[in-house]
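Under our numbering, the residue at position 318 of the first sequence is numbered 597, and the numbers go up by one with no gaps.
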Amino acid sequence: MNLFADIRALVVAELTAMTADGTLPQGLDFAHVAVEPPRDAAHGDMATNAAMVLAKPAGLAPRAIAEALAARLSKDARIMAADVAGPGFLNLRLPNLVWQSVVKSALTDGADYGRSNAGAGRKVNVEFVSANPTGPMHVGHVRGAVVGDALSNLLAFAGWHVTREYYINDGGAQVDVLARSAYERYREANGLEPEIREGLYPGDYLIPVGAALKEKYGTSLLNQPESVWLADLRDFASAMMMQEIRNDLAQLGVSMDVYSSEKALYGTGQIEAAIQTLRDQGLIYEGTLEPPKGKVPEDYEARIQTLFRSTAHGDDVDRPVMKSDGSWTYFAPDIAYHFDKVQRGFDELIDIFGADHGGYVKRMKAAVSALSGGRVPLDIKLVQLVKLYKNGEPFKMSKRAGTFVTLHDVVEQAGADVTRFMMLTRKNDVALDFDFAKVLEQSKDNPVFYVQYANARINSVLRKAQAAGLDVSDAALAQADLTQLSHPAEIDMAQQIAEWPREVDIAAKGNEPHRIAFFLYELASEFHGLWNRGHDDASLRFLQEGKDATSLAKIALARATGVVISAGLAILGVTPAEEMR
RNA sequence: GCACCCAUAGCUCAGCUGGAUAGAGCGUUGCCCUCCGAAGGCAAAGGUCGCACGUUCGAAUCGUGCUGGGUGCACCA
C-alpha cells in the first residue's frame, strides 16, 4: 500500500466527480495535482496543491475550488479534516486509524512493503562498471559499481524488469598493451629480466598472469616475435583480468546478468549493420572536422573521415566513427553495442559512466535516439570522483596495482556494507570524500552506523519481548491492537513509515538511489527520537510490563520500522545489523 | 574558445515533476542515564540558497546572462 498514492487517487476521483457535476469545467489535466507531506507538520498530515494548479485552467478562484474539494473529501472516512490555507493549499488531517493501518500493512507486506509498480514491467538495461579488462578494479570503479547495482535494485523494487550489464572493452589497443605487459611477466616467470617499458602496465597484478602463461606455454614463446603470441596473449590476459574483476565485484556484492564483449562485435557485421542503419537515415557522411578551438593540437592536420551527424540529434559537433586509415573508432562498436541493446527490446537504457566520460554523453544519446527512432530513452548517470582519506590524510596507493588504490583495498579496509552505504550518501554528480577512519567510526556522524544501530535496537526489543514470552512474529504483531498507538510521537513514526513507498517512487523515477540512503537516515533519526522519549515518558517504552496488548502494539511499530530499514538496506545492498558489537 | 557538472549555515551535504516560516550531521553553547543498548536524545545560536534579470498566484528549484571551481574537448580507449 502507498498511502500518499491512495489519497491522491481519492483527490483525483473527487475532482473528476466535480467535473461531472459541473463544478469544474471539462478537459482539465490533473497530472500536476500532488499530494505531499507539508513542509510544516503543524499544517496537517498531507497537503494538496490541486486548487492552485487547476485555478488558472479552470478560470476559477483557487479558494473556491479548494473549499468545494474540501467539502467532498471530508466525507471520506480517511479524512478527518480538510482546511483551506494560504493561497489555496488544502491541508488534510488523517485519523490515527489510518496511520495505524500503515503499520499493519508494513507487517503483512513484509519485505514487499513499499514495492511499487511505477515501472509497469518495462524492460530497462542498466550498464555499469564496464572497466577495461586491463587490471584490477580501482576506487574509481567502486562508486559506479555501487550506484549501478543499487539503482538496479531500486528499479526492480519499483516495478521495472532490470538487466544488469557489463560491457567489456576488450577490442582496443589497450588490450595489446596488456598482452605486451603480460609477456614481460611471462619472461620474468622464466627467469629473465622483464622490460617494463614506458607505456606498459607496471602493476604487480600481472605477475600471476606471467606465471600462468609459463604454466601453459612453458618456454615456447620466449624470443618469439610479437606476431606469434600477441593474439593469444590478448585473450589469455584479458580473460584472467575479467575473472579478477568478477571476483572484485562479487566481493562488493555486485553480480551482473550479462557480460557483453566489444571484441565479439568485430567480424560479425553488427558494427556495419548499425552504421548502415544510421546511413539509411542520411546521418553518415565523409567529411573533415574542424580543429578544436582554443587548444589546437600541434600535430593537427585535416583528414577526411567517416562521420556521424550527431548534431542532428543534439550533439555539438559531428563525431568520427572511422579513422582515416579505415578502421573503426571506439565510438563505432559502442554504437553497435547500444544498437544491440535497442534491438534486444529494452524500453529504457541507463549507462553509468565515470565523470571523465562526460564528453561522450551527447554523442551516445544522439546515437541511441537515431537508432531507436526516438523510442528508447537513454539516461546517462555521470559518477563523480571519490577522494580517499585516512584520518584526513590522502590515502596512499596500492603497491600491487602500481598507481592506484584497488577496490580490493577499499573493501578490505572498510567492508562491503560500509563501502556501499557511503558511496550512496551523495548524489552521483557530486564528488565524494571517503575517509577510512570516519566510515568505521561508531557514532551518528557515520550514517551507516546510525541506521544499523536503529535496526539493532529494534532487534533488541524483539529479543527481550520474546524472552518475556511474547509472540513477536510478524503475523502475530499484525494482529496486535494497534489502536493503542495513539501518542503523537508514535503517530509521527507511523507517518514516516507511510512515506517509504512514496520515497521509493520518487527515487526510482529520478534514477536516484541516494535518496534511499537519506530516507533511511531520517527514519532512523525518528526511531532514535522515539526510543529516547521512553526515558522521560515511560508510557512510550516499547515493552510495557504486565500490559501485553499494549506492548505488542508498540513492538509492532518498532518491527514495522525494522521492515522498512531492511527493505531500504536491501536496495542499497547492505546487510542489516542484528546487533552492534 | 566550446560542452557538461557543481555553487545552499563556520565545515560536509539534503531539499520531491516550482509550493507555505529553506532542512540534517559535524562544530559551538546548555540540558537528559535508579529506566527497553547514552554507540543515543532534547534545545539554542547560525543562511541576501554565488550575482543579476526574466517566467509564474508562487522560484533554492525553470529560462537567459554573468562570476567562481571541477572535468572533457580531431585520426585514443
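By construction, the Cβ of each residue, glycine as well, lies at the ideal position given by its N, Cα and C atoms.
Values in this document were obtained by computation on a predicted structure and should not be read as measured data.
Shortest Cα-Cα distance from Ile-286 to any of Leu-430, Trp-378, Asp-308 involves Trp-378.
Residues of the same chain with a CB within less than 7 angstroms of the CB of Ser-384, apart from the 5 flanking positions on each side, are Met-280, Tyr-392 in chain order.
Using a Cβ-Cβ distance cut-off of 8 angstroms, the segment 541–556 and the segment 608–621 are in contact, since at least three pairs of beta carbons, one from each stretch, lie closer than that value. Here the alpha carbons of Gly-638 and Leu-501 stand approximately 42 angstroms from one another. When the Cα atoms are used, Thr-327 and Ala-350 turn out to be separated by approximately 14 angstroms. About 4 angstroms separates the CB atoms of Ala-786 and Arg-794; that is less than 8 angstroms, so the two are in contact. Phe-713 is the residue among Phe-713, Gln-663, Asp-388 whose C-alpha sits nearest the C-alpha of Arg-699.
Using a Cβ distance threshold of 7 angstroms, Ala-424 and Ala-461 do not count as a contacting pair. Distances from the alpha-carbon of Leu-369 to those of Leu-352, Gly-451, Arg-598 put Leu-352 closest.
Between the segment 589–605 and the segment 639–658 there are three or more C-beta pairs closer than 8 angstroms, enough to call the two in contact. When the Cα atoms are used, Met-859 and Leu-741 turn out to be separated by approximately 15 angstroms. Taking C-alpha positions only, Gly-323 is separated from Ile-550 by approximately 59 angstroms. Apart from sequence neighbours up to five positions away, the residues of its chain that approach Trp-779 with a beta-carbon distance below 6 angstroms are Gly-393, Val-843, ordered along the chain.
Between Glu-782 and Gly-450, the alpha-carbon positions lie close to 41 angstroms from each other.
Met-416 sits in coil when the DSSP states are folded into three classes, being neither helix nor strand.
Contact between the segment 452–472 and the segment 426–442 is absent, with fewer than three C-beta pairs closer than 8 angstroms. In the three-state reduction of the DSSP assignment, Pro-599 falls in the strand class, which pools E and B.
The beta carbons of Glu-406 and Tyr-446 sit closer together than 7 angstroms. Between Gly-367 and Ala-773, the alpha-carbon positions lie close to 27 angstroms from each other. Annotation for Gln-584: the continuous beta strand (DSSP E) segment containing it runs 584–587. Straight through space, the alpha carbons of Val-665 and Arg-422 are spaced by roughly 7 angstroms. In the structure shown, Ser-539 falls within a strand segment according to DSSP collapsed to helix, strand and coil.
When C-beta atoms of the segment 524–531 are compared with those of the segment 616–628, fewer than three pairs fall below 8 angstroms, so the two segments do not count as touching. A distance below 7 angstroms separates the beta carbons of Tyr-564 and Leu-586.
Membership of Phe-368 in the beta strand (DSSP E) is indicated by the continuous run 368–372. Distance from the CA atom of Pro-336 to the CA atom of Gly-306, rounded to whole angstroms, is 9 angstroms.
Per DSSP, Glu-565 is one residue of the beta strand (DSSP E) stretching across 563–566. In terms of Cβ geometry, Ala-360 and Ala-345 do not form a close pair [threshold 7 angstroms].
In the displayed model, Phe-632 falls within a strand according to three-state DSSP.
Residues of the same chain with a CB within less than 7 angstroms of the CB of Ala-693, apart from the 5 flanking positions on each side, are Phe-715, Val-718, Leu-719 in chain order.
Leu-485 is positioned such that its CB atom lies no closer than 7 angstroms to that of Tyr-465. In this structure, Ala-735 sits away from Ala-835, with a CB-CB distance that is not shorter than 7 angstroms.
Collapsing the DSSP output to three states places Asp-724 in coil.
The alpha carbon of Ala-321 has as its nearest neighbour, out of Glu-505, Leu-848, Pro-767, Phe-821, the alpha carbon of Pro-767. In the DSSP assignment, Arg-443 forms a beta bridge with Val-405.
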